[in-house]
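Enquirer: Residue numbering for the sequence shown follows UniProt numbering, starting at 1 and increasing by one per position.
Below: one structure in structure tokens.
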Amino acid sequence: MIRMEHLTKRHGDVVALDDLTLTIRPGAVTGLIGPNGAGKTTTLRLIVGLDTPTGGAVTVDGVRYADLPHPAQTLGAHLDVRSAHPGRTARSHLLGLARHLGVEPERVTEVLARTGLAGVARRRVGTFSLGMTQRLGIAGGLLGDPEVLVLDEPVNGLDTEGVRWIRGLLRALAAEGRTVLVCSHLLAELERIADHVVVLGRGRLLADAPLAAFLQNGTLEDGYVRLVTGHEEFRTVA
Ligand SMILES: Nc1ncnc2c1ncn2[C@@H]1O[C@H](COP(=O)(O)OP(=O)(O)OP(=O)(O)O)[C@@H](O)[C@H]1O
């Protein structure tokens, strides 16, 4: 579970995130959406401890990221699609990451298999397609077998088979009881993956509701557009 209480982030005069109070629940895929500049990336960076809040707090399973005794086992993340060094092989990249995270090297073989990369484990990352690089990032997030997974735009660059794969993976992780938070601009895809949707606008919470609440008069995109243009209000789930 991810819990945000009055979470706020300012950059000088810019309020990137404004008093966000929200719980991301386990056993479900939650989609995080909103216009450019809404504060989505800021939220993800605060959750994984890459940034510190200027107000409020965010905890993962009740503990701030910096205080987690075994962070990789609690929270996995894939935020930056080009984070691996292009000269390293997929396996050596993941082995280095596993060492850094204090994860058994045996997990590398497991996550390579789970992300469909076993056959290209010895190829240099620089030769990977965007879709393969996405899979590698997700493999890194899964290394610690975490209870909570946070992914930024994981579907970008994936081909049809890759999209079907990630849909199955995220649904399976949620069915295992994990907390899965996915940020994406691809609303049609999110409609097929998410159980619950959180909408941010200008750093504020606009909606926090089951997917079904957005689908009453059309697609998620229809519901989202009505919401951000102020034509419809959504019930906020406590
Ligand atoms: N390091 C920073 N310094 C100054 N302003 C920042 C910084 N990081 C983010 N911001 C501002 O905070 C606001 C929220 O940005 P954020 O990147 O979280 O939005 P986003 O919802 O992820 O947008 P996008 O969909 O374009 O990725 C924006 O106005 C952005 O310009």
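C-beta atoms are modelled at their ideal positions from N, C-alpha and C, and glycine is treated no differently.
Just so you know, these numbers come straight off a predicted model, no measurement behind them.
Return the first residue and the last residue of the beta strand (DSSP E) that residue 151 is part of.
Expert: Looking at the DSSP string, the run of the beta strand (DSSP E) that includes residue 151 is 148-152.
Enquirer: Excluding the 5 residues flanking residue 220 on each side, which residues of the same chain have their C-beta closer than 6 Å to its C-beta?
Expert: Contacts found: 187, 191 and 214.
Enquirer: What are the residues that DSSP puts in a beta bridge with residue 22?
Expert: Paired residue(s): 4.
Enquirer: What's the gap between the Cα of residue 41 and the Cα of residue 152?
Expert: Residue 41 and residue 152: Cα-Cα distance of roughly 8 Å.
Enquirer: Over the uninterrupted beta strand (DSSP E) stretch that includes residue 59, give me the two end residues.
Expert: Residues 55-60.
Enquirer: Around ligand 1, which residues pass a check of Cβ closer than 5 Å to any of its heavy atoms?
Expert: Working through the chain, the matches are 11, 14, 16, 36, 37, 38, 39, 40, 41 and 42.
Enquirer: Which residue from 28, 35 and 56 puts its Cα closest to that of residue 8?
Expert: Selected option, being the one with the closest Cα: 56.
Enquirer: Sorted by chain position, which residues of the same chain lie with C-beta nearer than 7 Å to residue 22's C-beta, five sequence neighbours on each side aside?
Expert: Cβ within range, chain order: 4, 198, 205 and 208.
Enquirer: Taking just the CA atoms, how far does residue 228 sit from residue 113?
Expert: Their backbone Cα atoms lie some 40 Å apart in a straight line.
Enquirer: Which runs of the alpha helix (DSSP H) at least 4 residues long sit entirely within the segment 43-123? Give them in chain order.
Expert: List check, alpha helix (DSSP H) in window: 71-74, 90-101 and 106-114.
Enquirer: Leaving out five residues before and five after residue 222 in sequence, what residues of the same chain have Cβ atoms less than 6 Å from its Cβ?
Expert: So the list is empty, once near-sequence residues are dropped.
Enquirer: Out of 177, 93 and 79, which one is the CA nearest neighbour of residue 85?
Expert: For residue 85, the nearest C-alpha among the options comes from 93.
Enquirer: What residues are listed by DSSP as bridge partners for residue 197?
Expert: According to DSSP, which records beta bridges pairwise, residue 197 is partnered with 31 and 209.
Enquirer: Thinking C-alpha only, which one of 13, 216 and 180 is nearest residue 145?
Expert: The shortest Cα separation from residue 145 among 13, 216 and 180 belongs to 180.
Enquirer: Using alpha carbons as the reference points, say which of 202, 61 and 37 lies closest to residue 1.
Expert: The shortest Cα separation from residue 1 among 202, 61 and 37 belongs to 61.
Enquirer: Helix, strand or coil, according to DSSP, for residue 242 in the structure here?
Expert: Outside the modelled stretch of the chain, which goes from 1 to 238, sits residue 242, for which no answer is possible.
Enquirer: With H, G and I counted as helix, E and B as strand and the rest as coil, what does DSSP make of residue 215?
Expert: Three-state result, residue 215: coil.
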